[in-house]
Amino acid sequence: MRMGEKTIPPCRTLLFRTLLALAFFAALPIVPPMAQEATQESLPAAASEAIGMTGEEPALEATGAMLPHDLSPWGMFMQADIVVKAVMIGLVIASIVTWTIWFAKRMEIAGARRRATQAFSALASSASLDDAAQNMSKLKGPVAMLAEAAIAELNASGEAPDKEGVKERIAWRFQRIEANAAREIGIGTGVLATIGATAPFVGLFGTVWGIMNSFIGIAQTQTTNLAVVAPGIAEALLATGLGLAAAIPAVVIYNAFARSIAGYRALVADSSAELLRIVSRDLDLGRKPRLSKAAD
Numbered sequence: 025m026r027m028g029e030k031t032i033p034p035c036r037t038l039l040f041r042t043l044l045a046l047a048f049f050a051a052l053p054i055v056p057p058m059a060q061e062a063t064q065e066s067l068p069a070a071a072s073e074a075i076g077m078t079g080e081e082p083a084l085e086a087t088g089a090m091l092p093h094d095l096s097p098w099g100m101f102m103q104a105d106i107v108v109k110a111v112m113i114g115l116v117i118a119s120i121v122t123w124t125i126w127f128a129k130r131m132e133i134a135g136a137r138r139r140a141t142q143a144f145s146a147l148a149s150s151a152s153l154d155d156a157a158q159n160m161s162k163l164k165g166p167v168a169m170l171a172e173a174a175i176a177e178l179n180a181s182g183e184a185p186d187k188e189g190v191k192e193r194i195a196w197r198f199q200r201i202e203a204n205a206a207r208e209i210g211i212g213t214g215v216l217a218t219i220g221a222t223a224p225f226v227g228l229f230g231t232v233w234g235i236m237n238s239f240i241g242i243a244q245t246q247t248t249n250l251a252v253v254a255p256g257i258a259e260a261l262l263a264t265g266l267g268l269a270a271a272i273p274a275v276v277i278y279n280a281f282a283r284s285i286a287g288y289r290a291l292v293a294d295s296s297a298e299l300l301r302i303v304s305r306d307l308d309l310g311r312k313p314r315l316s317k318a319a320d
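Here my numbering is used: position 189 in the sequence shown is 213, and no number is missing along the way.
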């Protein structure tokens, strides 16, 4: 060692080397991520696209291509299975029949109730059977038929009829006229009852069939993505919606018609009772010859 040069103590040299070793080992965990970032940044654009093709983006694009473009009710109907389509068409026809019967029967029942009310008012203001026949000469309906049946039975019973026998025969004729009137006014309401009772189950059949096809599609595509099977399930549920849309109005209209028909039958029954009362009074007062002359 030359004179004049400074000598580094051995302890300081050892300390310096130790610090360098610690810094080296501390920097080792940072090197791989940095190298990875550098490697990724150095990849060309074509390689990045090739790596992206193995991800989930193409699967999502393929799924989007499988989805129907029109999810409106008409679009779902057009894409539905043939069985589900048949169910939907049948339910639409049932709904049209329901509203057609509603329009037709409402007018018919309203007209029948109006005629029966007028005839009952004419009976209430009549003192005898021939007066009732004269007051209802221009009216039509079952009440006018009741008056005609009573007069015809009195004429057929002879000059000195048996009062109880005449009443019994007239009552029998009245029962048949009332039954025929109730049967005629109730034509068509049975269809409403059938539609209201069966339409929900028909729609449910279409729903079960459509959901079954959707699960078959899940098994065939081997995917659990809800977006793939949601359109089929929506088409199936549309059948249930149409079934309810056909059944609910049918039930409501049937109940409304049942109440109206019951009121009409009660009005005809009241008219029948009023005519029997008038016939009984005429028989007690001996008005049979006058009835015969009026009938002639």
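C-beta atoms are modelled at their ideal positions from N, C-alpha and C, and glycine is treated no differently.
Source: prediction; values computed, not measured.
Measuring alpha carbon to alpha carbon, tell me which of 266, 198, 241 ends up nearest residue 292.
-> Mapped onto the sequence shown, residue 292 falls at position 268. Nearest C-alpha to residue 292: 198.
Can you give, in chain order, each stretch of the alpha helix (DSSP H) that sits fully within the region 186 to 257 and has at least 4 residues?
-> 187 to 209, 213 to 245
Inter-stretch contact (C-beta, 8 Å, three-pair minimum) for the region 261 to 273 and the region 282 to 300 = no
Nearest-angstrom Cα distance between residue 265 and residue 156?
-> Walking along the sequence shown from the start, residue 265 turns up at place 241. Walking along the sequence shown from the start, residue 156 turns up at place 132. Roughly 54 Å separates the two Cα atoms.
Assuming residue 304 contacts residue 129 (C-beta within less than 8 Å), just tell me the rounded distance between them.
-> Stepping through the sequence shown from its first residue, residue 304 is reached at position 280. Stepping through the sequence shown from its first residue, residue 129 is reached at position 105. Contact flag wrong, Cβ pair sits at about 36 Å.
Excluding five sequence neighbours on each side, which residues of the same chain lie with their C-beta closer than 7 Å to the C-beta of residue 215?
-> Here the question's residue 215 lines up with position 191 in the sequence shown. Excluding residues within five positions, the ones whose Cβ falls inside 7 Å are 121, 125.
Outcome for residue 281 when other beta-carbon atoms lying within 10 angstroms are tallied against a minimum of 16 | By 1-based counting over the sequence shown, the position of residue 281 is 257. Buried, by the Cβ-count rule.
In angstroms, rounded to a whole number, what distance separates the CA positions of residue 123 and residue 229?
-> Taking the sequence shown and counting its residues from 1, one reaches residue 123 at position 99. Taking the sequence shown and counting its residues from 1, one reaches residue 229 at position 205. Cα to Cα, the separation comes out at about 23 Å.
How many angstroms separate the CA atom of residue 236 from the CA atom of residue 100?
-> The residue you call residue 236 lines up with position 212 of the sequence shown. The residue you call residue 100 lines up with position 76 of the sequence shown. Answer to the nearest angstrom: the Cα atoms are 16 Å apart.
Beta carbon of residue 285, beta carbon of residue 113: below 8 Å?
-> By one-based count along the sequence shown, residue 285 stands at place 261. By one-based count along the sequence shown, residue 113 stands at place 89. The answer is no: Cβ separation not under 8 Å.
For residue 256, the nearest candidate out of 242, 203, 193 (CA to CA) = As a position in the sequence shown, residue 256 is number 232, starting the count at 1. For residue 256, the nearest C-alpha among the options comes from 242.
Near residue 260, what residues of its chain come up, given a Cβ to Cβ distance below 6 Å and the 5 sequence neighbours on each side ignored?
-> In the sequence shown, the residue the question calls residue 260 occupies position 236. Same-chain partners within the cutoff: 231, 234, 235.
Through-space distance from residue 269 to residue 178, alpha-carbon basis = As a working note, residue 178 is residue 154 in the sequence shown. As a working note, residue 269 is residue 245 in the sequence shown. So the two alpha carbons sit approximately 54 Å from each other.
Hey, how far is the Cα of residue 278 from the Cα of residue 210?
-> Looking up residue 278 in the sequence shown gives position 254. Looking up residue 210 in the sequence shown gives position 186. So the two alpha carbons sit approximately 10 Å from each other.
Beta-carbon contacts of residue 173 that lie in its chain and below 8 Å, excluding the five residues immediately before and after | In the sequence shown, counting from the first residue as 1, residue 173 sits at position 149. If we look at residue 173 and ignore the five residues flanking it on each side, its Cβ neighbours are 194, 197, 198, 201.
Roughly how many angstroms lie between the CA atoms of residue 137 and residue 225, to the nearest whole one?
-> For the purposes of this step, residue 137 is taken as the residue at position 113 of the sequence shown. For the purposes of this step, residue 225 is taken as the residue at position 201 of the sequence shown. Spanning the two alpha carbons is a distance of roughly 35 Å.
Residue 150: buried (16+ other C-beta within 10 angstroms of its C-beta) or exposed?
-> Position 126 of the sequence shown holds residue 150. Residue 150 is buried by the Cβ-count criterion.
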